[in-house]
Each structure stands twice: as C-alpha cells, then as structure tokens.
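Mapped onto numbering that gives the first Met the number 0, the consecutive letters of the sequence shown carry residue numbers 0 to 326. The beta carbon of each residue, even a glycine, is placed where N, CA and C say it ideally should be. Worksheet for the structure shown next.
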Amino acid sequence: MRTVLMVLFDQVQSLDVTGPLEVFTGANVWRASRGEEPAYDIRTASLDARPVRTSSGLRVTPDEDLREQQTLCPDLLIVPGGQGSRQPDPELVSWIRAHARQAERLVSVCTGAFLLAEAGLLAGRRVTTHWAYCGTLAARYPDLTVEPDPIFVRDGHVATSAGVTAGIDLALALVEDDLGREAALDIARHLVVFLRRPGNQAQFSAQLAGQLASREPLRDVQRWIAEHPAADLSVEALASQASLSPRQFARAFAAEVGMPPGRYVDQVRLEAARRRLEDTADGVEQTARSCGYGTPEAMRRAFVRALGVSPGEYRRRFRPAATASHA
0 MRTVLMVLFD QVQSLDVTGP LEVFTGANVW RASRGEEPAY DIRTASLDAR
50 PVRTSSGLRV TPDEDLREQQ TLCPDLLIVP GGQGSRQPDP ELVSWIRAHA
100 RQAERLVSVC TGAFLLAEAG LLAGRRVTTH WAYCGTLAAR YPDLTVEPDP
150 IFVRDGHVAT SAGVTAGIDL ALALVEDDLG REAALDIARH LVVFLRRPGN
200 QAQFSAQLAG QLASREPLRD VQRWIAEHPA ADLSVEALAS QASLSPRQFA
250 RAFAAEVGMP PGRYVDQVRL EAARRRLEDT ADGVEQTARS CGYGTPEAMR
300 RAFVRALGVS PGEYRRRFRP AATASHA
C-alpha cells in the first residue's frame, strides 16, 4: 500500500485538496470492487493538527499533526495551492524543507509550487503553476524554468500542476502509473472527467487564451471562426466579414484579442480537431477536412508541434478502447 500525505494550511484551495484525494480514494474503491486490498493509505496533516479554513470558507479537520506525522517517508507528498501558499507560513516551509525530500514522489497542485520553491525543492527544475501566477513564480525564483502552458510537468520524482482541476489530471496520471490504464479510466468515468489529458496540453482553450474583442464586428468574427473551422479563415476573408481592410483587421484583432488572427485560427482549429477525436468516431482524414486542415498530414504536424503526439495517439489516450477500435 502506498502512503499519500496531503499537506493542509489556512487559505488552501479546497479543490486542490479534494480533487486529487477523490482520485486516490476512487482507486481504492476500484480495487475493492475487484476484491483487492486498497492501493493507497490517504492521510491529511497540518501544523499542530489544527483545523484549517480553505479559501472558500470550508473548514477541514486534518487526520494528524505534521510535526508528529508517523509516516515521515510517504510514497507521495502533495502540497496544494491557494492564497496561503503565496504568503507561506515560515513554520510550514521549514517542515517541507526538512521532510519533503524523503518522499518518493513530490507533487504540487496549482500555487503549491510556491511552497516547494520557497523550501528550495524546485531549484533547477522545469515546473508549472496556475497560468496567472507563472510570471510571479519565475520572477521570484529565477533558478526555476517555469513553463506557463502545460497542465502538468514532471521533472524526475517531482511533478507540478497548473490550476485546480489540473491536480485531478496529474493524480489520474499517477494512478495510471501505479495501477494501469483500466483503473485510471474507470476513476475518470466515475468523476465524469476526461482520462489523463496529456501533460503538455494547454491550460485553457483558444477562446479563453485569447481575450474577447471589445468591438462587436471582431467578436462576430471570433464566433464565426469557432463555428466554421473548415471555412476560408484567411486574414482577407475575415477582414471582409468585419468590413475592414486586411491591414486594419489584423492590427485591430491582435490589439483586442491579444494574438494575431492566424495564431488564433490555428488554436481554434486544433481545439476543434481535439474535440472531434475525443467525442466522435470520425476518422483522421474526415476530422482533418472538417477542421480546416485540408490533409491528414497537415493536421498531424499541427498536433505534434502543439501537443507532442499524433492525432491517432491523441485519440488513443482519450477514447475508451471499444470506441477507438470502432473509429
């Protein structure tokens, strides 16, 4: 049985705690359904075993005191995020600095990376955190390589994840490492989440990555792009829809959306293709045509460049075996 220890502190983000714990608890339920022993001994602990108040106001009572924690060498130590991680308690940082290195695997969720960095445990490593705090993390700890896009990053025995729900993705990946794909898939279905988004998948969609334009003609163009990924989405065609010259359109779109129209179109098409591969039985060639790539090879290059996997491998990771076989 692997020991999972979740560190608690005041102003912790409640979902950073409960999301991963639901995954590991789900693994124990999955094992029980097969007549097997639990896979994880799940514990929570805070300094002095004090109940903590989460950032949402939820009051959580830990199992034990970090100072008297009997399992000083947990298999997995999880440090969640929240406002309390960005203004860390020096005593908590000291405990993490003294004990976290003994864990076989060390994980942070969201801004929990700030606590690990403050304890000196991330020096020289590739890490990520919630997109809104990547710049702050990089500036405060210049010896880190902060990657703002991935939902989680693994560097040796240390793994860091992006905001809130990305902790669930990382926990599912760890369960898959320990118990196999079947277990992780069953847990993901029970939690009604996608199975194991690739770690280098973007933290948010194209529509969220780009700002919503302030002017109605440009917002209409954004909606048109999302609804018609296979259409002619050249700057000239989109400028015509907005009743602007191509030069005016390109300049206004970049200023209001935060990226050039070509890059925005690329992201929307990639997102549309991902959804089709996840949700339909359409073949790769049909998906490429319907999402504006023209050829399967063009779509393959886009997937490899952005996600590091081919469309076929992406589908295999996301689709249940029976559906993928049918596709």
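Boundaries (first-last residue) of the alpha helix (DSSP H) holding residue 159: Translated into the one-based positions of the sequence shown, residue 159 becomes position 160. Note, residue 159: premise wrong, no alpha helix (DSSP H); beta strand (DSSP E) at 157-160.
Endpoints, beta strand (DSSP E) assigned at residue 164: Position 165 of the sequence shown, counted from the start, is the residue given in the question as residue 164. Neither: residue 164 is in no beta strand (DSSP E) and is coded neither H nor E.
Residue 63, DSSP secondary structure in three states: As a working note, residue 63 is residue 64 in the sequence shown. Correct three-state label for residue 63: strand.
Cβ neighbours of residue 156 in the same chain (closer than 7 angstroms, five flanking residues each side left out): Locating residue 156 in the sequence shown gives position 157, counting from the first residue. The answer, listed in chain order, is 103, 104 and 105.
Cβ-based neighbour list, residue 170, same chain, cut-off 6 angstroms, excluding 5 preceding and 5 following: The count along the sequence shown starts at 1 and reaches residue 170 at position 171. Correct list, in chain order: 19 and 22.
Start-to-end residues for the beta strand (DSSP E) that takes in residue 294: As a working note, residue 294 is residue 295 in the sequence shown. From DSSP, residue 294 is part of no beta strand (DSSP E); its letter is neither H nor E.
Minimum Cβ-Cβ distance from residue 143 to chain D less than 8 angstroms: In the structure shown, chain D does not exist; there is a single protein chain.
Residue 43 in three-state terms, based on DSSP: Indexing the sequence shown from 1 puts residue 43 at position 44. Looking at residue 43 - three-state DSSP - the assignment turns out to be strand.
6 angstroms CB neighbourhood of residue 292 in its chain, flanking five on each side removed: Reading the sequence shown from its first residue, position 293 is the one you call residue 292. Excluding sequence neighbours, residue 292 sits near 298.
Straight-line gap, residue 271 to residue 185 (C-alpha atoms, nearest Å): Here residue 271 refers to the residue found at position 272 when the sequence shown is read from its first residue. Here residue 185 refers to the residue found at position 186 when the sequence shown is read from its first residue. Distance between the alpha carbons of residue 271 and residue 185: 26 angstroms.
Per-residue DSSP class, three states only, for residue 33: Here residue 33 is taken as the residue at index 34 of the sequence shown, counted from 1. Note: residue 33 maps to coil in three-state DSSP.
Beta bridge counterpart(s) of residue 237 as assigned by DSSP: Stepping through the sequence shown from its first residue, residue 237 is reached at position 238. DSSP output for residue 237 lists no bridge partner at all.
Alpha carbon of residue 309 to alpha carbon of residue 89, nearest angstrom: As a position in the sequence shown, residue 309 is number 310, starting the count at 1. As a position in the sequence shown, residue 89 is number 90, starting the count at 1. Rounded to the nearest angstrom, the two C-alpha atoms are 45 angstroms apart.
Cβ-based burial, residue 231 [other Cβ within 10 Å; buried from 16]: As a first step, residue 231 must be located in the sequence shown, where it is residue number 232. It counts as exposed.
Chain-order list of residues whose beta-carbon lies under 8 angstroms from that of residue 302 (same chain, five-residue window excluded): For this step, residue 302 is matched to residue 303 along the sequence shown. Excluding residues within five positions, the ones whose Cβ falls inside 8 angstroms are 269, 272, 308, 309, 310 and 313.
contact_flag[the segment 109-120, the segment 148-155] where n(CB pairs < 8 angstroms) is 3 or more: no
Presumed contact (8 angstroms Cβ cut-off) between residue 94 and residue 46, rounded CB distance: In the sequence shown, residue 94 corresponds to position 95, counting from 1. In the sequence shown, residue 46 corresponds to position 47, counting from 1. About 7 angstroms separates the two Cβ atoms, so the contact holds.
Three-way DSSP call (helix, strand, coil) for residue 148 in this model: Position 149 of the sequence shown, counting from 1, holds the residue named residue 148. DSSP places residue 148 in coil when its eight states are reduced to three.
Residue range of the alpha helix (DSSP H) that includes residue 136: Sequence index remark: in the sequence shown, residue 136 carries index 137 (1-based). Residues 133-139.
Cutoff 6 angstroms; reference residue 75; Cβ partners in own chain excluding five residues on either side: If you number the sequence shown from 1, residue 75 lands on position 76. The answer, listed in chain order, is 3 and 104.
Same chain, Cβ closer than 8 angstroms to residue 234, five either side skipped, listed in chain order: Sequence index remark: in the sequence shown, residue 234 carries index 235 (1-based). Result list for residue 234: 245, 248, 249, 260 and 261, in chain order.
Element boundaries [alpha helix (DSSP H), containing residue 114]: Position 115 of the sequence shown holds residue 114. Residue 114 -> alpha helix (DSSP H) spans 111-117.
C-alpha gap between residue 126 and residue 15, whole angstroms: Here residue 126 refers to the residue found at position 127 of the sequence shown. Here residue 15 refers to the residue found at position 16 of the sequence shown. Distance between the alpha carbons of residue 126 and residue 15: 17 angstroms.
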